[in-house]
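Numbering (the UniProt record's numbering), first residue to last: 1 to 119.
Notes for the one structure printed next.
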Amino acid sequence: MRTLVIRLSSIADAKARFVNAGQKALEGVVVPATPSVNFPSYDDMHRVLAPPRLAIVKAMAGQGPLAIREVARRVGRDVQAVHKDVTTLVNAGVLDRTDAGVEYPYDQLHFEFDVKSAA
């Protein structure tokens, strides 16, 4: 099962993961690549992955490339609104645009972050 991981992380955190993977690779340790999208804040993540957009992702999971009109039909929404949401999801790296349409090439989303109390 292919999973896209959604993380809240700073650029420094992402850089540290990249450097760590590079060091392990130099040591000969195989580090499997995990498809992920990183957001710097919860607000940024929620702006991109708002409930209507998550409905699009859910409708597209494991379906292969779909035309925007078909996506709109599956979620029961206006084509123009879905087109705007799909563009946001493509720009964020959640969906892929292909010659055959748009695609969510994963079976599921996994959210990986902690919510802490304000200090």
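Even for Gly, the Cβ is constructed at its ideal location relative to N, Cα and C.
Distance from the CA atom of His-110 to the CA atom of Lys-84, rounded to whole angstroms, is 24 Å.
In the structure shown, Phe-18 adopts helical secondary structure according to DSSP, grouped into three states.
The beta carbon of Leu-4 sits closer than 6 Å to the beta carbons of Pro-35, Tyr-106 and Leu-109 from its chain, once the five residues preceding and following it are set aside; these are given in chain order.
Taking every protein chain shown into account, the CB of Leu-26 has fewer than 16 other CB atoms within 10 angstroms, so this residue is exposed. Between Gly-101 and Ala-67, the gap from beta carbon to beta carbon is short of 8 Å. Under the three-pair Cβ rule at 8 Å, the segment 69-76 counts as touching the segment 48-60.
Arg-17 is not a Cβ neighbour of Glu-112, given a cutoff of 8 Å.
Rounded to the nearest whole angstrom, the C-alpha separation of Arg-97 and Phe-39 is 21 Å.
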